């Protein structure tokens, strides 16, 4: 009987600890919120230059897409991004003892409305889900010195899609955050004007290459 009582006492202590931890988590989620009216600025700025080891291919890309966001309800935010991106792909190959080159240049105006839902873990850490609706209005220009396609061709395109990303927000101080999105589930459709071709792409990626980091600035709130 003594052993049973000891076992019951240990079980009761363990249950009390579980209940206490669960209540602390529930209270932090229930009462810690990002208030309505908070505004923030973030965005994407990047440049890359990637070459193959053989030197047969080189890809340069530039992206400048600032973002402005607003919390329209506790823990719910909307954001709008507007910017520009450009990519140049240069390839070389030797065919019939003759060196040939190909250039593909693409540039686009980018517009991204988005919706974000936040779950606040503590005063510094939040997790969120982000749904984007990207739009691109761009142009592709191709140049080649390969016979019989020597010359230049160009075409305009329109791209739209939807993507879902999980992410983490971490406060460095009262106004600056580090933001990271991890992976992406997305669908995009790309339609060209001249030949009426439509390309679609479904992506499901949760790899280290799909981890993106950024900085977010929280605009000071006016005190009434």
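Residue numbers (my numbering): 87 to 310. Glycine included, each C-beta is placed from N, C-alpha and C at the ideal position. Please read these numbers as outputs of a predicted model, since none were measured by experiment.
Item                                                                                                                                                                   : Value
Under 6 Å Cβ to Cβ from residue 197, same chain only, skipping five residues before and after it: list those, please.                                                  : 168 and 221
Looking at the secondary structure, which residues open and close the beta strand (DSSP E) in which residue 289 lies?                                                  : 284-291
Buried or exposed: where does residue 155 fall if 16 or more other Cβ atoms within 10 Å of its Cβ makes it buried?                                                     : buried
Please give me, in chain order, every unbroken run of the beta strand (DSSP E) with length at least 3 that falls completely inside the region 148-230.                 : 162-181, 184-206, 211-218 and 221-230
Taking the straight line between their C-alpha atoms, what separation do you get for residue 300 and residue 153?                                                      : 11 Å
Could you tell me the distance, in whole angstroms, from the CA atom of residue 224 to the CA atom of residue 132?                                                     : 18 Å
What separation, rounded to the nearest whole angstrom, lies between the Cα atoms of residue 136 and residue 170?                                                      : 20 Å
Taking the straight line between their C-alpha atoms, what separation do you get for residue 244 and residue 256?                                                      : 35 Å
Distance, Cα to Cα, residue 159 vs residue 267?                                                                                                                        : 22 Å
Residue 262 to residue 305, Cα distance in whole Å?                                                                                                                    : 9 Å
With distances taken between CB atoms, is the gap from residue 242 to residue 287 smaller than 8 Å?                                                                    : no
Just to confirm, are residue 229 and residue 189 a CB contact at a threshold of 8 Å?                                                                                   : yes
Tell me the DSSP secondary structure of residue 142 in three-state form.                                                                                               : coil
Leaving out the 5 sequence neighbours to the left and right, which residues in its chain are closer than 6 Å to residue 177 when beta-carbon positions are compared?   : 143 and 188
Count the other CB atoms, across all protein chains shown, that sit within 10 Å of the CB of residue 126; report buried if there are 16 or more and exposed otherwise. : buried
Comparing C-alpha positions only, which one of 253, 173, 174 and 238 sits nearest to residue 207?                                                                      : 253
Roughly how many angstroms separate the alpha carbons of residue 151 and residue 217, rounded to a whole number?                                                       : 17 Å
Less than 8 Å between the C-beta atoms of residue 149 and residue 191, yes or no?                                                                                      : no
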